[in-house]
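The structure appears below as structure tokens.
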Amino acid sequence: MALAGPRRTEIKMIERLSSRQVTFSKRRKGLFNKAADLSLRCGAEIAVIVFSNTNKMYEFSSTTMEHILSRYINHGAAAGFSMESPEKKPQDEPADKYELSSCDTLSAILLLQEHIAALNLDCSRMMGMQLDGLSLKELNQLEEQIREGIESIEKRKIEVQDYYKYKPSYLLEYSNHLDRNNSQFFYGTSSSAVSDCTESGQSNDFVDTSLHL
1 MALAGPRRTE
11 IKMIERLSSR
21 QVTFSKRRKG
31 LFNKAADLSL
41 RCGAEIAVIV
51 FSNTNKMYEF
61 SSTTMEHILS
71 RYINHGAAAG
81 FSMESPEKKP
91 QDEPADKYEL
101 SSCDTLSAIL
111 LLQEHIAALN
121 LDCSRMMGMQ
131 LDGLSLKELN
141 QLEEQIREGI
151 ESIEKRKIEV
161 QDYYKYKPSY
171 LLEYSNHLDR
181 NNSQFFYGTS
191 SSAVSDCTES
201 GQSNDFVDTS
211 LHL
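Following this line, the structure appears as structure tokens:
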């Protein structure tokens, strides 16, 4: 009777988010450990870049990421393909110039991604999340930053409340000032007009009387 072989476990997406994150963390560390072991045992230069489903970047390199990426770009150029858009290069400029430019671009992208990831991590920690791995000193510094932020918010709230508290009195005083100016203008103009009309009427009466006589 033939023995049945071992059953293969189907590989599929882990549905539960917490289990998925735990598995990702364990497998990622295992992947980096295997890469380090392969580099140490066989003398290979290895670079591993991983983006999680939350868009966080993790990387491992046996030397430096810039050095390995530079080798990768140069190897691709020697093999006949380029990571840049196909453009006609001037004949009097060496190809090394474009290879260095590609390497610099990738390095800048990696540094920018690391900077963005660090900013996202800082924002999460300011909201009290992802505090694992922080030392007591770092936790105290974070607490002090949050306290200073709360004090600034409270100060601004008081300024806004005072502004809206006294704003109606300012508006009322300004409105009364406008009313006084309008009244003076209106009554001053009306008095002058009445006076002019009276004088004009008297003059007309005199003329009419003279004509009748």
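Read in full-length UniProt numbering, the sequence shown has 184 at position 184, and its numbers run on one by one without any break. Here a beta-carbon is modelled for each residue, glycine too, at the ideal position from N, C-alpha and C. On a predicted model such as this, the values are computed, not experimentally measured, just so you know.
Per DSSP, the bridge partner or partners of residue 164
Indexing the sequence shown from 1 puts residue 164 at position 164. BP columns for residue 164 are empty, so no partner.
Beta-carbon of residue 139 versus every beta-carbon of chain D: anything under 7 Å?
Note that chain D does not occur in the displayed structure, where there is just one protein chain.
Backbone CA spacing between residue 1 and residue 8 [nearest angstrom]:
Position 1 of the sequence shown, counted from the start, is the residue given in the question as residue 1. Position 8 of the sequence shown, counted from the start, is the residue given in the question as residue 8. In this prediction, residue 1 has a pLDDT of 47, which is less than 50 and means its spatial position is unreliable; what the coordinates show is noted afterwards. Answer to the nearest angstrom: the Cα atoms are 21 Å apart.
Does the distance from the CB of residue 60 to the CB of residue 35 come in under 7 Å?
Along the sequence shown, one-based indexing puts residue 60 at 60. Along the sequence shown, one-based indexing puts residue 35 at 35. Going by C-beta atoms, residue 60 is nearer than 7 Å to residue 35.
Same chain, Cβ closer than 8 Å to residue 97, neighbours up to 5 away in sequence not counted
One-based indexing of the sequence shown puts residue 97 at position 97. Per-residue confidence for residue 97 stands at a pLDDT of 47, beneath the threshold of 50, marking its modelled position as unreliable; no derived number is given.
Which runs of the alpha helix (DSSP H) fall wholly inside the UniProt domain "MADS-box" (4-64) and span at least 4 residues, in chain order?
DSSP assignment within the UniProt domain "MADS-box" (4-64) yields the following whole alpha helix (DSSP H) runs of 4 residues or more, N-terminal first: 17-42.
Determine the burial state of residue 18: buried for a count of at least 16 other Cβ atoms within 10 Å of its Cβ, exposed for fewer.
Residue 18 sits at position 18 when you count from the first residue of the sequence shown. Flag for residue 18 reads exposed.
Contacting residues, own chain, Cβ-Cβ under 7 Å from residue 24 (five flanking each side not counted)
Here residue 24 refers to the residue found at position 24 of the sequence shown. Cβ within range, chain order: 52.
Consult DSSP for residue 126 and reduce its assignment to one of helix, strand or coil.
Along the sequence shown, one-based indexing puts residue 126 at 126. In this structure, residue 126 counts as helix in the three-state DSSP scheme.
Between the Cα of residue 115 and the Cα atoms of 58, 160, 47, 153, which residue gives the shortest distance?
Along the sequence shown, one-based indexing puts residue 115 at 115. Here the closest residue by C-alpha is 58.
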